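Visitor: Following this message is one structure expressed as structure tokens.
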Amino acid sequence: MKFFIPYLAILIVLTIIEITAGLTIDDGMGGGGIGILSSIFSLIGIWFSLAAGAKRCHDRGRSGWFQAIMLIPIIGGIWLLIELGFLKGAEGENRFGPDPLA
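Residues 54 to 155, numbered by this note's numbering, are exactly what the sequence shown covers, in order.
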């Protein structure tokens with residue numbers, strides 16, 4: 054379950070930022086500034102999500118590029134969720150470093 058904590062934290066922070074930005078920015082153009090700001094924060098959130106996923110991939114003994122499996126519709130996302138969210142990490146040291154639980 055520790056895998057889900059970074060994603061939950063990212064979601065909470067981005068939600069607070071989006072709500073705050075939506076309440077404080079009024080550019081007189083019907084919210085166009087919010088779209089740009091929202092896009093920037095979304096890209097930052099994606100970056101942190103991929104970093105957290107890569108860390109978990111390394112814990113499982115896989116490359117961070119394994120996350121690209123999520124690009125396969127439906128099956129890829131489910132596989133990635135099971136692989137990174139519910140399966141135990143590789144025991145002992147692997148090519149990415151020592152076992153974080155050791």
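Glycine included, each C-beta is placed from N, C-alpha and C at the ideal position. Bear in mind the structure is a predicted one, so any value in this text is a computation, not a measurement.
In this structure, does DSSP put Gly138 in helix, strand or coil?
Guide: helix
Visitor: Express the C-alpha separation of Ile63 and Ser92 in angstroms, rounding to a whole number.
Guide: 15 angstroms
Visitor: Looking only at its chain, what residues have a beta carbon closer than 7 angstroms to the beta carbon of Phe94, apart from the 5 residues adjacent to it on each side?
Guide: In the same chain as Phe94, and ignoring 5 residues on each side of it, the C-beta atoms closer than 7 angstroms to its own belong to Leu67, Ile70, Glu71, in chain order.
Visitor: Please confirm if the region 139-153 is in contact with the region 110-122, defined as three or more CB-CB distances below 8 angstroms between the two stretches.
Guide: yes
Visitor: With which residues is Gly129 paired in a DSSP beta bridge?
Guide: In the DSSP output, where bridge partners are listed per residue, Gly129 has none listed.
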